[in-house]
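**Student:** Numbering (our numbering), first residue to last: 13 to 535.
Dumping the structure here so I can ask a few things about it.
Next comes the structure, spelled out in structure tokens:
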């Protein structure tokens, strides 16, 4: 990049408070000294996050920014650049405009790259830019993964940054998650990356132990400067990341023993149709309700977000209503269908769940999704919204329906609890509790689901503080669509999908499970 362009880029970063003036001068001096472009220096010194840098380059050069997660490549444009040129200059065709070719470059200010792509394609080039990781992934998708020979290196002479460039990046690891049909990627210093497959962690020993500097570099490359500052201030970060054309991931970064660690959970692009979830049909009926509170509960990784996304999608496809979601982070992306749907992310679009919900009733919603009810104010607002004619979906990390009801009530001071019992009894419509159970063939996991439907009898038990009696009423409430966890597990055992020994690990009462699993119990 020419020096005037470098200076302009740097000024953009300073104006946006992404880079300090002192850091810019140091980086410019280093760029002049060694002859490397300013973006290369900024990346090497980890002064700017990759996404912020790419966006600033686009602004500085008056270029468009290509988000491969939202912009599909024109099938003819994607491979019009010869593979060798595309890989050498990190460039890919995006679309055609007025007989010109739009091309995304990792370094759009590189005149040699612009000339080479123009000569190779015969088109006048409209340069654009994109994130380096996303661009590399798009090139691999268009031309197939590059077969690189394993380099012979003097390991003692390589610094951490070079080792990272030749070794592993986040996208490579996430590809392995998808190949193995895993749910989570674990990244920790001093250990190989690991993938959770069907509930068990599998280390990827071929990548070796990751160094702290390696992890910091690869993770800082996929977050913005704002997110980086939040992480360094809070020592925690929840956000999302897109692997172009393949999947989205929920990213949680944290510090452990002064090193950065992370867990990334796979979120499919497509919302799973309700009929394929394996849930009782009565759960689908919650999407047809005009108002009230529906809780979806269970431990981390039990599929709560998947169930909620499916229910919201049913509403989105069938009703002309306004849906507001508050999530941390946004996982499944919804498009406007019959409904108008707005999704807000805590930390990006709002400061907190409680802050968002404080204003949500002024936004004319019909349906509200609360990613998690974490505090008294959030729970109180959700109850009020459900009571005043809105349909509210929310999650809790609880193990069964009675515990979920107690959790909501126990958050409040004792002098308020009777009032909350009355309010909850009036507004609650149902509770769905999920667990994912390893299957008998070891090939996956099956969902076991407990369903509470708020019948008049259930509402009376809540109002009269007799929540402990709810479980027995659920076992006898099949005609209302109710299912206890032990009944759900017993059905999986009878179907041969899970073993009795495995079901016992997840049941509420082993004797009940064995009785329900016998033929006589279903006669």
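Glycine included, each C-beta is placed from N, C-alpha and C at the ideal position.
As the structure is a computational prediction, the values presented were derived from the model and not from experiment.
#1: Excluding five sequence neighbours on each side, which residues of the same chain lie with their C-beta closer than 7 Å to the C-beta of residue 350?
#2: Give the range of the alpha helix (DSSP H) segment to which residue 209 is assigned.
#3: Cutting at 6 Å between CB atoms, please list the residues of its own chain near residue 384, excluding the five before and the five after it.
#4: Please determine if the segment 507 to 515 and the segment 304 to 321 are in contact, where contact requires at least 3 C-beta pairs separated by less than 8 Å.
#5: Quick check on the DSSP output: what are the complete alpha helix (DSSP H) runs of length 4 or more inside the segment 54 to 115, in order along the chain?
#6: Provide the residue(s) that pair with residue 271 in DSSP beta bridges, ordered along the chain.
#7: Please give me, in chain order, every unbroken run of the alpha helix (DSSP H) with length at least 4 that falls completely inside the segment 214 to 262.
#8: Whether or not the segment 260 to 277 and the segment 89 to 107 are in contact is what I'm after, with contact meaning three or more pairs of Cβ atoms, one per stretch, closer than 8 Å; do they touch?
#9: Is the separation between the beta-carbon of residue 186 and that of residue 197 shorter than 8 Å?
#10: Pick out the complete beta strand (DSSP E) segments inside the segment 399 to 423, 3 residues or longer, and give them in chain order.
#11: Alpha carbon to alpha carbon, what distance is there between residue 343 and residue 177?
#12: What does the alpha-carbon distance come out to for the pair residue 395 and residue 42?
#13: Is the separation between the beta-carbon of residue 337 and that of residue 289 shorter than 8 Å?
#14: Take residue 387 and list the residues in its own chain whose beta-carbon comes closer than 7 Å to its own, dropping the five residues that flank it on each side.
#15: Are the beta-carbon atoms of residue 450 and residue 210 separated by less than 8 Å?
#16: Can you confirm whether the segment 146 to 154 touches the segment 248 to 261 when touching is taken to mean that 3 or more C-beta pairs between the two stretches lie within less than 8 Å?
#17: Does residue 427 come out as helix, strand or coil in the three-state DSSP assignment?
#18: Could you tell me which of 340, 334, 341 and 358 sits nearest to residue 347, measuring between CA atoms?
#19: If contacts are defined as beta-carbon pairs under 8 Å, then residue 279 and residue 262 qualify, I think. What distance do you get, rounded to the angstrom?
#20: Assign residue 357 to one of three DSSP states: helix, strand, or coil.
#21: What residue range does the beta strand (DSSP E) around residue 447 cover?
#22: Nearest to residue 471 by CA position, among 461, 402, 115 and 482, is which residue?
#23: Does the beta-carbon of residue 194 have 16 or more other beta-carbons within 10 angstroms, so that it is buried, or is it exposed?
#24: Just to check my reading of the structure: residue 465 and residue 493 have Cβ atoms closer than 8 Å, yes? What is that Cβ distance to the nearest angstrom?
#25: Straight-line CA distance for residue 431 to residue 84?
#26: Which whole-angstrom value is the C-beta distance of residue 462 and residue 413, which I expect to be below 8 Å?
#27: Determine the DSSP secondary structure at residue 467, reduced to helix, strand or coil.
#28: Expressed to the nearest angstrom, what Euclidean distance is found between the alpha-carbon atoms of residue 520 and residue 307?
#29: Assign residue 9 to buried or exposed, taking buried as 16 or more other Cβ atoms, counted over all protein chains shown, within 10 Å of its Cβ.
#30: Could you tell me which whole alpha helix (DSSP H) segments of length 4 or greater appear in the segment 287 to 363?
#31: Nearest to residue 304 by CA position, among 352, 381 and 360, is which residue?
#32: Is the distance from the Cβ of residue 237 to the Cβ of residue 52 below 8 Å?
#33: With distances taken Cα to Cα, identify the nearest neighbour of residue 509 among 475, 448 and 485.
#34: From which residue to which residue does the alpha helix (DSSP H) around residue 482 run?
#35: Taking all protein chains shown into account, do 16 or more other C-beta atoms lie within 10 angstroms of the C-beta of residue 174, making it buried, or fewer, making it exposed?
#36: Can you look up residue 196 in the DSSP assignment and give me helix, strand or coil?
**Tutor:** The structure says:
#1: Position 338 of the chain shown holds residue 350. So the qualifying residues of the chain are 328, 329, 330, 331 and 332.
#2: Numbered from its first residue, the chain shown carries residue 209 at position 197. Here residue 209 belongs to no alpha helix (DSSP H); instead the beta strand (DSSP E) covers 206 to 209.
#3: The residue labelled residue 384 in the question sits at position 372 within the chain shown. Only 407 meet the Cβ criterion.
#4: no
#5: 62 to 72 and 95 to 101
#6: Position 259 of the chain shown, counted from the first residue, corresponds to residue 271. Residue 271 is bridged to 268.
#7: 224 to 232 and 237 to 246
#8: no
#9: Working through the chain shown from its first residue, we reach residue 186 at position 174. Working through the chain shown from its first residue, we reach residue 197 at position 185. In this structure, residue 197 lies closer than 8 Å to residue 186 by Cβ.
#10: 403 to 408
#11: Position 165 of the chain shown holds residue 177. Position 331 of the chain shown holds residue 343. Because residue 177 sits at a pLDDT of 43, beneath the cut-off of 50, its placement in the model cannot be relied upon, and the following sentence gives the value as read from the coordinates. Going by the C-alpha atoms only, they are around 29 Å apart.
#12: Mapped onto the chain shown, residue 395 falls at position 383. Mapped onto the chain shown, residue 42 falls at position 30. Taking the straight line joining both Cα atoms gives about 58 Å.
#13: Counted from its first residue, the chain shown places residue 337 at position 325. Counted from its first residue, the chain shown places residue 289 at position 277. No, these two residues do not count as a Cβ contact at 8 Å.
#14: Within the chain shown, residue 387 is the residue found at index 375, counting from 1. Excluding residues within five positions, the ones whose Cβ falls inside 7 Å are 366.
#15: Position 438 of the chain shown, counted from the first residue, corresponds to residue 450. Position 198 of the chain shown, counted from the first residue, corresponds to residue 210. Cβ distance < 8 Å, so residue 450 and residue 210 count as in contact.
#16: yes
#17: By one-based count along the chain shown, residue 427 stands at place 415. Helix, per DSSP.
#18: Here residue 347 corresponds to residue number 335 of the chain shown, with the count starting at 1. Nearest option by C-alpha distance: 334.
#19: As a working note, residue 279 is residue 267 in the chain shown. As a working note, residue 262 is residue 250 in the chain shown. That pair is a contact at about 6 Å.
#20: Here residue 357 is taken as the residue at index 345 of the chain shown, counted from 1. DSSP places residue 357 in strand when its eight states are reduced to three.
#21: The sequence position of residue 447 within the chain shown is 435, counting from 1. Note, residue 447: beta strand (DSSP E), 440 to 450.
#22: For the purposes of this step, residue 471 is taken as the residue at position 459 of the chain shown. The shortest Cα separation from residue 471 among 461, 402, 115 and 482 belongs to 482.
#23: On the chain shown, position 182 is the one that residue 194 refers to. Residue 194 comes out buried.
#24: Numbered from its first residue, the chain shown carries residue 465 at position 453. Numbered from its first residue, the chain shown carries residue 493 at position 481. Going by Cβ atoms, the distance from residue 465 to residue 493 rounds to 5 Å, so yes, they are a contact pair.
#25: For the purposes of this step, residue 431 is taken as the residue at position 419 of the chain shown. For the purposes of this step, residue 84 is taken as the residue at position 72 of the chain shown. If I take the Cα positions, the gap works out to 53 Å.
#26: By one-based count along the chain shown, residue 462 stands at place 450. By one-based count along the chain shown, residue 413 stands at place 401. Contact holds; Cβ gap of about 6 Å.
#27: Taking the chain shown and counting its residues from 1, the one referred to as residue 467 is at position 455. Coil at residue 467, not helix or strand.
#28: Sequence index remark: in the chain shown, residue 520 carries index 508 (1-based). Sequence index remark: in the chain shown, residue 307 carries index 295 (1-based). Cα to Cα, residue 520 sits roughly 20 Å from residue 307.
#29: Given that the chain is displayed from residue 13 to residue 535, the structure contains no residue 9 and the question cannot be resolved.
#30: 293 to 296 and 316 to 330
#31: Counting from 1 along the chain shown, the entry for residue 304 is found at position 292. Of the candidates 352, 381 and 360, the one whose C-alpha sits nearest the C-alpha of residue 304 is 381.
#32: Stepping through the chain shown from its first residue, residue 237 is reached at position 225. Stepping through the chain shown from its first residue, residue 52 is reached at position 40. The answer is no: Cβ separation not under 8 Å.
#33: What you label residue 509 is simply residue 497 of the chain shown in a count that begins at 1. For residue 509, the nearest C-alpha among the options comes from 448.
#34: For the purposes of this step, residue 482 is taken as the residue at position 470 of the chain shown. Unbroken alpha helix (DSSP H) run through residue 482: 482 to 487.
#35: By one-based count along the chain shown, residue 174 stands at place 162. At residue 174, the pLDDT of 37 sits below 50, so the modelled position is not reliable; the number obtained from the coordinates is stated separately. So residue 174 counts as exposed.
#36: Translated into positions along the chain shown, residue 196 becomes position 184. Reduced to three states, the DSSP call for residue 196 is strand.
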